[in-house]
Each structure stands twice: as structure tokens, then as C-alpha cells.
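Residue numbers (the UniProt record's numbering): 1 to 609.
Structure first, then comments.
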């Protein structure tokens, strides 16, 4: 049986092209070409406009379209006012506090940077859209700095009467009500996710908080019951991992297994489980929808799944769009036949077959918050924490970052827990999970370290280094790098900073200083688990300046000009000149422990209760 049948007859989530169907009691696969719902919508629109055998005149249609756009703008303004005043509710919870813009009108792209991922799952960007002088590291610094910039609430675009809230709040709340249908083959309404579906409870599509939703089918009644959003998100984590074939569900203290291949629920003999199947609801994969799902294609290689490269992806998509059952791809050494009906790729010369698989791209609720109007912005379960700060009102005259909160000067430092809806939380989350798979690790909390003394030292060093730097060098001087540590060393680092004099505890391959890494996966090696199994990693500000490849015996960076005894020294050591991933500094005023990330490994077990 082909392993790519991740959507069985019981599942209603529709993949871009590889969709299994039931035929004669056996599960087989067929190929359906990519569809365009816009064409169907246009056809329905013409039929709807017909009256007494003729189509209404164009002026009438244009006027009605204009009235609908004005109505959308009014509703968007209403949502903004409710969000800013904190009076809106959805299912008993406050609405998300972020403002809604005119770009969220149906027909526009409200996913922003999420759309940089093509439908095939690659993360390439058009060359014309890439900054000519900035690499990925530079873009990361800009994202972190932008997230740490305090943004004011601004003023209303329109000066309307307050009674607008009273007149429309009931209608708005009706539009934000959730509902699902029992029938298969129905997708989640993308307009509801943007708070722009005016059909409300009469909408033929599902209305859910996220663009994916998991349900279990009860035995006997065969009724689909929805899982909580946090439970569904946890299952989604494992489902999007191509190496995960099943997950263990804990239902009322009883263990059962959810098999992703056919969405069946199995259990040991004699154990009673009230459910027998699962299904995944999702938005359509149609790229013309404002919010749509993206998928990746994988092939089996010696016990693990690897993503197809761009050459294979192009051939697969072209064949699927043409409605073909097979695709042929030629490389320099081999010719391959990819069978969608059989679920395998075959080497034409040797006849060796490998299984293929299709899985969606995971999007956490934290990442989706800026694009969805169905999320309240409340902390995720397990992330509730109390801030130690006194006030969250930024002081424009303060020499410290705008996002810092005020605290007692008698304290050496404070750690302020970030709310899930904080832009800095989302930015740190995304950079951490670039190399730490979301199906294997989960972030428990992110805290900002505020230490006036260490910040003043860091700021003075930064201004001193800026004196001889060009604008481009200033941009690349400051990096946000990871540093793994143990739980017992956290308070000492927050108070005294990283100490290069303690080097050698783990390694001194590139010098006897403090080590920082671009990727969290490298720092994770040195993040010793606590007794509770939790790990800690700092995302630190580091002034790297001019760098040179380090050596084990270096206790300070070498001089820039060896023949000049008064020459300036390099500012840091690195592992390699081209695309370095490890930085070593020898002065503790060149770094600042900015964010503390607490996380833990995940086991493929989900508590449904």
C-alpha cells in the first residue's frame, strides 16, 4: 500500500494533487488536477445573476460590487475599533489585538511573508525580490530589531460615531461563531479566518479558528467530534513530519494509536476506545485563496524521508497539473519514473523502487496569529507566566530599548516573559525552529533579560566599534546568536554576562573565549537538560566586528596587521571565512544575553482529554 495515502476516505483534507479515494473497499490513489475555485465561483456568480433567462446588466453588478467593498471596509474599521478597545469577544474570549488592514479584503493576499513559500514547498524567493546586499543573517537581524521596536496603536483611519459598535457588534460576533459539517469533502472557509465571511452559520464550509482542524469519529453514531485547538495543533506537528507514521493518543487514561497512513485508530484487544477514525480538515490548496495550505513531496531514502529538489518538484507539479498518472525525471546519472497511482519512484535502469509521500507544511498558531482574525491572542496552554516587571508602558526618554519594562533599580536584572502575541516572541520562535524541528521540540517560554549595567556596557562598546565602520559594516556588526547553557548557570549569566575566562569547559577549537552559534541545533548540544527534562538556550546580541578563523591556542584575537605592533585586533574568531556558523568573542562587553528560551523534547504522545 502506498505510504503517501495520508488522506484516507475518512479524511476530508484535500492535498494539492495526490488524493486517495476508496474503490471497491480498497484504498487506491488517483490523480486530480489542480483546481481553481475562482473559476467555479465565477460560474456560480453568472448563474446567480440570471433572472428570467437573462443576465443582469454590468452597471448593476459593478454597483453591487462597490457596495460590498464599502461594507467590507466598514466591517474592517469596526474590527479595528473593537480590537483596540478590548471590547470584542469570540466564543467568550477577547479578539486578537492586532489591527486589520484593507489588504485583508477577499481576493487579496493576507498571508504576507508566508507566501514566500511556493506551493511546491520550496523556500525560494524571486531574485528580483531579494535584497542585493543582505544575506540571510542580515535579514534575521533586521527582523529581530523590527520586532523589538515598539509600535504605537496609532489613530483611527475614520472618525465615526461610537454607536457603530452597538449597531454591528451582534452581527460581528455571529460571523465569528465556529461550526463544522459532518460531510466529507468540505474545506475550511478562508474568508472566515480573515473575519470576512458574511454567511455566518449558513456558510457551507467549515468555520474554525485555525486553517487546520482535527476531529475523531465516535463509534456507533459515526459522528465527528472536534478536538481542542491546542490538541489539534499538537497532532498537526507530528502529522507534518514525514518521518512520523503514527501518534499515541491518551483518551480518558487509555492509550490508542492514530495511524496517519489511513487515519484509523487502533488499540490493544480488550481496551475500550470510543473512537475508531480521525480526519483532518483544512483550507484548500488553491493558491488563489487568501489563506491556503502548502505541501511538500518526499521520497524514502534508507529509513528516512528526504524532500525532493527543485528539478523533481517541477516535474511532479507539471505532471499533476496535466492530469497525468506518472512523471519522468532525468538526472546526469539516472532516469526516474514517479508513479502517483502506485506511490513510488523507480530507477528505470535498475528497477529499484522507493516510496514517496506528501505532507503539509506545518504552521504553528504563534506564526499564524498576524494573519488570522479568529485567534484571541491569549497565551498558549503551558505558557502562562507572570511578569516580574512593574509596568509595561514604554518611556520615550529612556536610554534602554522601547520594549523594556520599568523595574526597581535595586534589582540587578529581571526576566520578563513575552506574551505569545508579542512580535518578538514570534520572531524568536521562528529563528529557533529553523533548525529545531517543531515535531521534536516545543518552546515552553521566552523571556527578555533586562540588565541596565550590562546593557550600558554593551551599548558603549557598540558605539566605540561604530566609529571606524561603514554603514554596511555597522549593519553586519551586530548578530543575534544562540548559546546553550545549563539551568544552574542562568542567573549568573543574566547578572554577570558570559565570561570568556571560563572557556574550555566544553571546547576551545576556535579560541579560548565565549562561543555563539547561528543555529539553535548547534547550541542545543551544550544545553544540558534540567531534572525536569527542560533545556535552556540564550539568543544573545553579539558584536562580531572583523572576524578571523580561530585556533585552539588563541586567548585573544590576532592583530589585523601582524607587522604593526600597534595594529588593531580582530574583534572575533570564526570557524570558517565563508558563511561562518560559530563565533568566538573574548570580551564580555561584546555580547548581551537578550532572550532566554526554555524548551523540551516532544514525545509522539498527545493527551486528548
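Glycine included, every Cβ here is placed at the ideal spot set by N, Cα and C.
Counting only residues of its own chain and dropping the five nearest sequence neighbours on each side, residue 436 has a CB closer than 7 Å to the CB of 520, 521 and 524. Residue 248 is not a Cβ neighbour of residue 578, given a cutoff of 7 Å. Nearest to residue 582 by alpha-carbon distance, out of 542, 589, 567 and 355, is 542.
By the C-beta density criterion, residue 241 is buried, having at least 16 other C-beta atoms within 10 angstroms. Within its own chain, the residues whose Cβ lies closer than 8 Å to the Cβ of residue 244, once the five positions on either side in sequence are excluded, are 238, 260, 439 and 604, listed in chain order.
A straight line joining the alpha-carbon of residue 146 with that of residue 344 spans about 45 Å. Here residue 416 carries a strand assignment [DSSP, helix/strand/coil].
DSSP places residue 360 within a strand segment (E or B) once states are collapsed to three.
Put simply, the segment 442-449 touches the segment 414-433. At least three CB pairs are less than 8 Å apart.
In the DSSP annotation of this structure, the continuous segment of the beta strand (DSSP E) that includes residue 601 starts and ends at 591-601. In this structure, the beta-carbon distance from residue 483 to residue 540 falls below 7 Å. In the three-state scheme derived from DSSP, where H, G and I count as helix and E and B as strand, residue 508 is classed as coil. In this structure, the CA atom of residue 588 is about 14 Å from the CA atom of residue 478. DSSP places residue 584 within a strand segment (E or B) once states are collapsed to three.
The three-state reading of DSSP puts residue 329 in strand, counting E and B together.
Comparing alpha-carbon positions, the option among 143, 276, 213 and 600 lying closest to residue 221 turns out to be 276. Around the CB of residue 184, fewer than 16 other CB atoms lie within 10 Å, so the residue is classed as exposed. One alpha carbon belongs to residue 501, the other to residue 508, and they sit about 12 Å apart. DSSP, read as helix, strand or coil, puts residue 190 in helix. Residue 266 counts as exposed, since fewer than 16 other C-beta atoms from the protein chains shown sit within 10 angstroms of its C-beta. In the structure shown, the three-state DSSP call for residue 494 is helix. Under a 10 Å Cβ-count criterion, residue 404 is classified as buried, with 16 or more other Cβ atoms of the shown protein chains found around its own Cβ. Shown here, residue 198 sits in coil according to DSSP, grouped into three states, outside any helix or strand. With respect to residue 214, residue 182 sits apart: the two C-beta atoms are not nearer than 7 Å. Taking residue 538 as reference, the option from 235, 518, 531 and 278 with the minimal CA-CA separation is 518. When secondary structure is reduced to three states using DSSP, residue 559 falls in the strand class. Judged by beta-carbon spacing, residue 413 lies within the 7 Å limit of residue 494, meaning their Cβ atoms are closer than that value. In this structure, residue 292 sits away from residue 282, with a CB-CB distance that is not shorter than 7 Å.
As computed with DSSP, residue 223 is found in no beta bridge at all. Just so you know, the alpha carbons of residue 218 and residue 256 end up roughly 14 Å apart. In the structure shown, residue 308 falls within a coil segment according to DSSP collapsed to helix, strand and coil. In this model, residue 206 and residue 143 are separated by some 34 Å (Cα to Cα). Between the alpha carbons of residue 330 and residue 336 lies a gap of roughly 6 Å. Residue nearest to residue 568 within the set 551, 547 and 209 is 547 (criterion: CA-CA distance).
Scanning 363, 254 and 179 for the CA closest to the CA of residue 430 turns up 363. Under the DSSP assignment, residue 424 falls in the alpha helix (DSSP H) whose first and last residues are 423-432.
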